[in-house]
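In what follows, a single structure is set out as structure tokens and then discussed.
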Amino acid sequence: LAFIHQLIEKSDVLIPGHDIKITSYYDQLENIPGVFEIKTKRIMRERNALGKRDWLENIEAFEYFGDNSRAKGSYGITDEDVRMLYLNTNSPLVMKKANKVSNKACFQWNLSYLREKCSDNVVIVRTETNRLLYRQGKRVPIEKMPFGRYATQILEEQKCRTRYYLAACNIKKALPEVNHEVYIPSFVKKVHKGPFLWVAPKGHYEFCHFDPDDGLLIVLSGKKTVRLFPPSHLDEMYPNGLGSYGRTIQSQVDGIGASPNLQQYPKFENVRGYETVLESGDMLYIPAFWWHQVCSNEMTLSINIFWGSQSFLHKVQHFPDVRKCFDYWLLNVIEQNRFFESFNRILANLKNQIHRFLYNTWGEMISLDFAEELAEGIMKYLLESMSSNDVFFVNNGDPFKHLPPPDEKHTQRLKIRGLMHRNGNGAQVKSRQL
């Protein structure tokens, strides 16, 4: 137990694979004759307080048949099942053995093959991924390098590999030589972003966050442990403050699944979630606005796609927990833009700005009534939180009466800031909460 405590002591630099190591050490303790009987209560108390393994249920998992008909009496799932039972209800799902359904070459990829095909292609790699600010999603420095150099770091197990992570690499743009080899299931109807390649060294811990899109994660080789938490836990997940940069909303809780700091984040004690281990050929449907945290049990190649199901807008508007997370995400984008001089021009035509912004983000055309509802909520929020630092601030009266007239041809666009790089500062109001 003393050695386990040494592993999980608070430190800025993460010990690679700490999550998996701690779980393994607990299991070893329980299997030692005598030790378990004598120290059962102490070990389980430590495990509940630090490991928190009891609050993670298994995600539903079925063998995946794709477009093929399911044989009578077989235990599996088809694309139609996925659409009806999971996409429409915003429920996560593990689909096993997708590599048996598709003959796409991506399921045969390994890092040596990709290095041979794309060695000189320049990719953007995240750095300092072994530090606390990264694990909280607050600081994401980047560096450009040839794909071959990054692959070599991992293949040769160079010490520096734990500091780098090739994440969200747009395959079509950065690795066009292998784009035709990517598999996209037929239930993925409207792609928002991607497909992206992720190449993770063993022990990599990716910060917990949610995306404003449905997500599909496909493991091509290796093994990943994924933890999911429903949108109902928005407050308990301690999201980074409004104005934090990036397309996602990140959780401040570090060490999820191994050693979350319950003294610093006491509400996390009430969180209940799901866990699964994905192996080569497995796919995971991550519903929009579901929190997820991923660890690489070994060096792993995976693909993900951000997309929207046919019921996507319905879920955003009519599922209360999803709507709460969506509202937080949209206010975060507002705060990202709030202290720029151009923000007054955004406010002058806010309804149309929101309408266009969500279309550009999702490729979905929301109704003007919904855009109006969102604009009214944002205006109310801005009035309640207005300070002398705001570009629209006035001492007396309605500040929105003094906005410049809308100019459709030259209007400033509402946009997500910090898509590729976050320096840890975010917008000026990053600590503001709802």
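Going by our numbering, the sequence shown opens with residue 1400, and the numbers climb by one from there. Even glycine gets a Cβ: it sits at the ideal position worked out from N, Cα and C. The structure displayed is predicted, hence computed values, not measured ones.
| Asked | Found |
| --- | --- |
| Buried versus exposed call for residue 1792 [16 or more other C-beta atoms within 10 Å across all chains shown] | exposed |
| C-beta atoms of residue 1620 and residue 1700 nearer than 8 Å | yes |
| Proximity winner among 1703, 1612, 1630, relative to residue 1712 (alpha-carbon distances) | 1612 |
| Residue 1549 beta carbon less than 8 Å from that of residue 1633 | no |
| Beta-carbon proximity check, residue 1673 vs residue 1456, cutoff 8 Å | yes |
| Residue nearest to residue 1724 in terms of C-alpha spacing, selected from 1702, 1639, 1738, 1606 | 1639 |
| Integer Cβ distance of residue 1582 from residue 1517, believed to fall under 8 Å | Going by Cβ atoms, the distance from residue 1582 to residue 1517 rounds to 18 Å, so no, they are not a contact pair. |
| Neighbour-count burial assignment, residue 1559, 16 or more Cβ in a 10 Å radius | exposed |
| Contact under 8 Å by Cβ, residue 1554 with residue 1574 | no |
| Top-ranked residue by Cα proximity to residue 1702, from 1709, 1622, 1643 | 1622 |
| Segment contact flag, the segment 1557-1572 with the segment 1658-1666, C-beta cutoff 8 Å, min 3 pairs | no |
| Residue 1581, DSSP secondary structure in three states | coil |
| 3 or more residues per run - each beta strand (DSSP E) lying fully within the segment 1652-1722 | 1672-1678, 1682-1685, 1690-1695, 1699-1707 |
| Same chain, Cβ closer than 6 Å to residue 1816, neighbours up to 5 away in sequence not counted | 1644, 1735 |
| Separation of residue 1675 from residue 1449, as counted between CA atoms | Residue placement at residue 1449 cannot be trusted, given a pLDDT of 44 that sits under 50; what the coordinates show is reported in the next sentence. Their Cα atoms are separated by approximately 19 Å. |
| Residue range of the alpha helix (DSSP H) that includes residue 1776 | 1767-1784 |
| Beta-carbon proximity list for residue 1526, same chain, < 7 Å, skipping 5 on both sides | 1540, 1541, 1542, 1562, 1563 |
| For residue 1600 and residue 1695, believed in contact at Cβ under 8 Å, the rounded distance | 7 Å |
| Beta-carbon proximity check, residue 1721 vs residue 1489, cutoff 8 Å | yes |
| Residue 1782 burial status per 10 Å Cβ neighbour count (16 or more: buried) | exposed |
| For residue 1787 and residue 1498, the rounded distance between their alpha carbons | 57 Å |
| Three-state secondary structure (DSSP) of residue 1508 | coil |
| Cross-strand partners of residue 1614 (DSSP beta bridge) | 1685, 1705 |
| Alpha helix (DSSP H) segment containing residue 1476, residue limits | Per DSSP, residue 1476 belongs to no alpha helix (DSSP H); it is in the beta strand (DSSP E), 1475-1477. |
| Terminal residues of the beta strand (DSSP E) in which residue 1566 lies | 1565-1569 |
| 8 Å Cβ cutoff met for residue 1689 and residue 1589 | no |
| Span of the alpha helix (DSSP H) around residue 1761 | 1749-1761 |
| Nearest neighbour of residue 1802, chosen from 1741, 1464, 1501, 1618 [CA to CA] | 1741 |
| Contacts around residue 1814, its chain only, beta-carbon distance under 6 Å, and the 5 residues preceding and following it disregarded | none |
| Residue 1550 - partner residues in DSSP beta bridges | BP columns for residue 1550 are empty, so no partner. |
| Option nearest residue 1587 by Cα separation, candidates 1465, 1774, 1715, 1536 | 1465 |
| CB-CB length for residue 1519 against residue 1545, believed under 8 Å | 6 Å |
| Outcome for residue 1818 when other beta-carbon atoms lying within 10 angstroms are tallied against a minimum of 16 | exposed |
| 6 Å Cβ shell around residue 1761 - same chain, five flanking residues per side excluded | 1591, 1707 |
| Simplified DSSP assignment, three categories, for residue 1735 | helix |
| Three-state secondary structure assigned by DSSP to residue 1436 | Residue placement at residue 1436 cannot be trusted, given a pLDDT of 45 that sits under 50; what the coordinates show is reported in the next sentence. Here residue 1436 sits in helix by DSSP. |
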